[in-house]
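Everything in the sequence shown is counted per full-length UniProt numbering, starting at 1 for the first residue and increasing by one. Where is the CB? At the ideal position from N, CA and C, for every residue including glycine. Only one structure is covered here, and it is reproduced in the block below.
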Amino acid sequence: MKKNILSIIGLLCLISCSKNESADKIFTLLDHSDTGIDFSNNLTENDSLNYFTYTYIYMGGGVATGDINNDGLIDIFFTGNQVSNKLYLNKGNLKFEDITKKAGVGGDSRWYTGVTMADVNGDGFLDIYCSVGGKFGPKNNELYINNGNGTFSEKAKEYGIDDIGNSVQGTFFDYDKDGDLDLFVANYPPTKFSSPTFAYVQMMRTVKDNESGHLYRNDGNHFADVTSAAGVKAYGLSLSATVGDLNNDSWPDIYVSNDFNSPDFMYINNQDGTFKEVVNSATGHTAFYGMGADISDFNNDGNLDIFQVDMDAKDNRRKKANMSSMNPQLFWEVANAGFQIQYMHNCMQLNSGVFTDGVPHFSNVSRITGTSSTDWSWGPLFADFDNDGYKDLYITNGTRREVNNNDFFNSLENGKLEKKDLLKKSKEIPSEKIDNFMYQNKGNLHFEQVNKKWGIEFKGFSNGVAYADLDNDGDLEIITNNIDDYASVFENTSSKTNNYLTIRFKGTSKNSQGLGNRVYVKTKGNSQMQELTLTRGYQSSVAPELHFGVEKAKTIDEVKVVWTNGKIQKLTNVKANQILTFKEQDATIVEVKPVLKPTLFSTTTTVFPAYKHEENQYDDFKDQVLLPHKMSTFGPALAVGDLNKDGLDDYFIGGSATFSGKVFLQTKTGFLEKKIQALEDDKMSEDTGAVIFDADNDGDNDLYVVSGGYEFLINDPKLQDRLYINDGKGNFTKAPNGALPVMITSGSKAYPLDFDKDGKQDLLVLGRQVPGQYPSPATTYLLHNVSTAQNAKFEVSKKAPAAFKNLGMATSAVISDYNSDGLQDIIIVGEWMPIRVFENTKAGFKETSIDLGLTNDTTGWWWSIQQGDFDHDGDMDYIVGNNGLNYKYKATPDETFDIYVKDFDNDKHKDIVLSYYNDGKQYPVRGRGCSSQQIPNIKEKFKNYESFSQATLVDVYTEKSLKEALHYTVKSFASIYLENKNGKFIIHELPVEAQVSCINSIMVDDYDKDGHLDALITGNMYNSEVETPRNDAGHGLFLKGNGKGKFKSIDPTQSGFFTPGDVKNMDLIKVKGKSYFLLTKNNSNLQSVKIN
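Put into structure tokens, the structure is as follows:
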């Protein structure tokens, strides 16, 4: 009986789970025999057309959706490479009729690529523009003008837009706001994959007309080529061109995604018929193999964001078998050519809303959102597929043959391919069908892959993709163009659970369907914005309507339409679940005067002398080839204090090796650089930290400079710290030998303290690294001040804990009375270090980390720490800056990020092995090529890339060797608020906006004067090895405290605190009664921010 009851319970559980899974499924793949859509983009390779004769053979075709007969149902058009194009008329109930032949749009022998529908001539009917590429001619693009009777006439030449530039896609938009639709055509001039960077430089300097994308201005029933006049003539391997108002000035801009070395183009509309290209200043980096792109406001902040796909695999096996190692020489050739920093991963460019002279500033957040790696991707689309008010993300991917398969192409290198063998070899290239990616937007920069959960799975080779509400039920179907398979149509049923609003437009000008219009939809707890543009993703376009999911809302508080001419329409209390058509004739001109609210902070450029830090050139990787990042670029140091006893703040900026540090003295009229010979004499040292304090107790401030860096031998005297004694007038001489103990250590920072309460300033000096031996621990020093009135002198304190010897790779510390006993304690953090607390006792400092709950589980890449009583309970709490959650390296308690260091191959050199988890298994981070540069016999152990791609960490390095290695483990890279409560420290993650990069510097104060402490954070890390995208998404952030240990991220447009770049240090300085922050950036300009 008991057994039967358990069986029944188990069965009920299975039924319940099955129901829950079924309830989550909102998509169903429809069979082609049911829909009538039997299009299949079949490729037929032959002797003259195969991968080796035409390397672009697998780039696929596109999809366009739109109502071509104005019957209220959205129709579908597919382009074929070697097969006929197809036009399907929507007959209702997801049934379609093939009207290709009758409509006259099947095309001829051309290799059709992209397609877009738009009302080109303004007659109220959608026309069809087809792009053409391919190996053979004709190459002219085609324009099918809708005759209004179910037929079309090809008139591209008549209209002047029969572009011959090996086109990928066209996008229609009104760039000059004259009321008609202009056209930008993205072209991909065939280029050898092996072309060096200098060849791209030359081609960009001497670009030919047919190698550039083209901008055509609509002059009525004819278009004029204004490419050169508009400033958009450029050589680029363009795979998409997407339009949107990126800087909120109401004028449409263009983002062109380019393949290989050629840089992307971000064309900002100058409002005078011309554009300026700003991708270098607008982004921190872009994708290397830039493919399709989409522009949309995915986080509902009113700014358009950009998503661009690349070819980075999510799966460890495919990543290591198919992709080559990033070549450092190639990487820097591309960067130094001015082609922007480029990495092989998807880029989700989050728009900051900050515009400098019209240039928007973006942060790539693809790593924190989990959308960075979606294999060989083609078409990304943002849309609210589950109607919950947040735009989800769908990405097509898959290549018909694995043309990046390392083993296959390595096997061809030994012999020259003969013409007769090309077809055979082409067919032998490995092939693997893979699924597309569907991500549900959960808000708060969190995307979850939901293919299985939502029932949208299809393994194949998908290229072009479009969405449309094909059955007018209030949700979006997805249509893909697949190589060698039927087109996919996924029915969406999310409107059964969530509500929606669809918006269409009827314009009075030739822009009949309102392209470029913006719509703002407000419901309780959510505000959304969309802008109507049709060409999205890859080689495809969507219908001219806007779809908003509104979750459970039955009434929408407000719908506001902003037409491209500035006219506005506004409706309130709008019922959900309907299609609204806005007519331009009903819109009214409303003069909108933006109210600029004063901000707490503002960047200044006139108070402080211009200064640019210069980093010395050094190749860290020649010493340790598998370093995760450079160790020689952590400057410049910064220190603020009164250096000449005039009551005014002065400052010191450290120099890199071979560059002298600089002192700037404040006067009544500004700042002057003070030449100091002693600093010049020591310029061969690297200044990584500095502190201004009264070392010899004579009433004036002296200067202590920490020597660090990676470019020195372990025992190099240039690693000795330096003390410069002030004569009271701002003149400095180096303290004589013996003033400091011998400390040949590569350090990071120094902190003054009076740990023994004798009235003299002692020093805590952090050891950062052992040059050439990453990640070996360095020694940290506690220096006791034993100076006399005549002589400055410091000794290593006997009160220092034994743990300071080889403490770790210390980066930051705070002198803090954490236990409120009146004595100064020490908290130290660092790279590959746990948070370590040292209590000041009568007997000396003792470590209390474990007692406080700070175990080795707190190991991280900690870059900074700062204190404050953030919860008003009378003790010190802390903000601790980690590497952040937007980096390639990820860690959780169950799937850690690890480093192992050992001489694995007995060549008398220690080897670095980084590991990560993928699908529950632990693998080496680096691939076969990189790993074998460090340990050559890996190539012997793993004869090919395929075998290495499936090898776990233990398979490669053996369990015995790994156990013998120096081993550090990280379980989280999140930056945190460390709450001090009842003798324990409690960890709380900072808001997600604080996790988009590493935090290198923190300032704490009640900046908004509400009685609660706030924090300013800033950082980034530009020195990653080239296979790891650098941490560059941080723009600085104001964290508003609520007095209860909680923080709210304040947008830079509201706070005014905006500090992009590789910020290393930040300090407060007062000038003429005003407070400013100075920020030093590696190899870049000094920035100053005023507290208003």
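{"Query": "Going straight from the alpha carbon of LYS971 to that of MET809, what length do you get?", "Result": "18 Å"}
{"Query": "In this structure, how does DSSP classify GLU615 when only helix, strand and coil are distinguished?", "Result": "coil"}
{"Query": "Bridge partners of THR581, per DSSP?", "Result": "ARG504"}
{"Query": "Taking DSSP's pairing of strands, which residues face LEU672 in a bridge?", "Result": "LEU665"}
{"Query": "Alpha helix (DSSP H) containing ALA929: first to last residue?", "Result": "Note that residue 929 is Gly in the sequence shown, not Ala. First-last of the alpha helix (DSSP H) with GLY929: 928 to 934."}
{"Query": "When the Cα atoms are used, what is the spatial distance from ILE899 to VAL913?", "Result": "6 Å"}
{"Query": "Quick check for students: name the residue ranges of the beta strand (DSSP E) that lie wholly in the segment 1024 to 1087, counting only runs of 3 or more.", "Result": "1037 to 1041, 1047 to 1050, 1063 to 1071, 1074 to 1081"}
{"Query": "Mind checking THR581: buried by the 16 CB within 10 Å criterion, or exposed?", "Result": "exposed"}
{"Query": "How many Å lie between SER748 and ASP174 at the Cα?", "Result": "54 Å"}
{"Query": "Between THR572 and the rest of its own chain, which residues show a CB-CB distance below 6 Å, the 5 nearest in sequence each way excluded?", "Result": "GLU558"}
{"Query": "Assuming GLY104 contacts SER84 (C-beta within less than 8 Å), just tell me the rounded distance between them.", "Result": "So it is not a contact: roughly 12 Å between Cβ atoms."}
{"Query": "So ALA690 and GLY654 are supposed to be a Cβ contact under 8 Å. How far apart are they, rounded?", "Result": "6 Å"}
{"Query": "Which first and last residues belong to the beta strand (DSSP E) in which ILE1017 is found?", "Result": "1014 to 1019"}
{"Query": "Using only the alpha-carbon positions, how far apart do LEU381 and ASP180 sit?", "Result": "26 Å"}
{"Query": "Could you give the residue range of the beta strand (DSSP E) that holds ALA813?", "Result": "809 to 816"}
{"Query": "What's the call for ASN444, buried or exposed, on a 16-neighbour Cβ count within 10 Å?", "Result": "exposed"}
{"Query": "Using the DSSP secondary-structure output, state which residues sit across from HIS214 in a beta bridge.", "Result": "VAL185"}
{"Query": "Whole angstroms are fine: how far does the CA of GLU895 sit from the CA of ILE986?", "Result": "22 Å"}
{"Query": "Mapping DSSP to helix, strand and coil, what is ALA156?", "Result": "helix"}
{"Query": "Let me confirm a value: ALA843 is counted as buried when at least 16 other C-beta atoms fall within 10 Å, else exposed. Which label applies?", "Result": "exposed"}
{"Query": "Helix, strand or coil for LYS3 per DSSP?", "Result": "Only weak support exists for where LYS3 lies, its pLDDT of 47 falling under 50; the coordinates are left without a value."}
{"Query": "Taking just the CA atoms, how far does HIS547 sit from SER18?", "Result": "Low confidence applies to SER18: its pLDDT is 47, below 50, so where it sits in the model is not reliable, and the reading given next is rough at best. Distance between the alpha carbons of SER18 and HIS547: 31 Å."}
{"Query": "With three or more C-beta pairs closer than 8 Å as the rule, is the segment 216 to 229 touching the segment 277 to 293?", "Result": "no"}
{"Query": "Of all the alpha helix (DSSP H) runs that stay within the bounds of the segment 949 to 1026, which reach a length of 4 or more residues?", "Result": "953 to 957, 959 to 964"}
{"Query": "With DSSP as the reference, identify every bridge partner of LEU764, one or two as the case may be.", "Result": "TYR751, LEU782"}
{"Query": "According to DSSP, which residues form a beta bridge with GLN449?", "Result": "TYR439"}
{"Query": "Name the DSSP bridge partner or partners of HIS629?", "Result": "SER1024"}
{"Query": "With a threshold of 6 Å, establish whether the CB of SER632 neighbours any heavy atom of the ligand HEM.", "Result": "This structure simply doesn't include the ligand HEM, nor any ligand for that matter."}
{"Query": "So, helix, strand or coil for LEU29, using DSSP?", "Result": "strand"}
{"Query": "Could you tell me which residues DSSP puts in a beta bridge with HIS547?", "Result": "THR502"}
{"Query": "Measuring CB to CB, does VAL1004 end up less than 7 Å from GLN866?", "Result": "yes"}
{"Query": "If contacts are defined as beta-carbon pairs under 8 Å, then ALA695 and LEU764 qualify, I think. What distance do you get, rounded to the angstrom?", "Result": "About 14 Å; that fails the 8 Å criterion."}
{"Query": "Let me know if residue 1132 comes out buried or exposed under the rule of 16 or more other beta-carbons within 10 Å of its beta-carbon.", "Result": "What is shown of the chain runs 1 to 1092, which leaves residue 1132 out entirely."}
{"Query": "Considering only C-alpha positions, which residue in the set HIS1012, LEU978, LYS1064 is nearest to THR1018?", "Result": "LYS1064"}
{"Query": "Is the beta carbon of SER997 less than 7 Å from the beta carbon of ALA1033?", "Result": "yes"}
{"Query": "Going by C-alpha distance, which of TYR889, ASP375, LEU476 is nearest LYS319?", "Result": "ASP375"}
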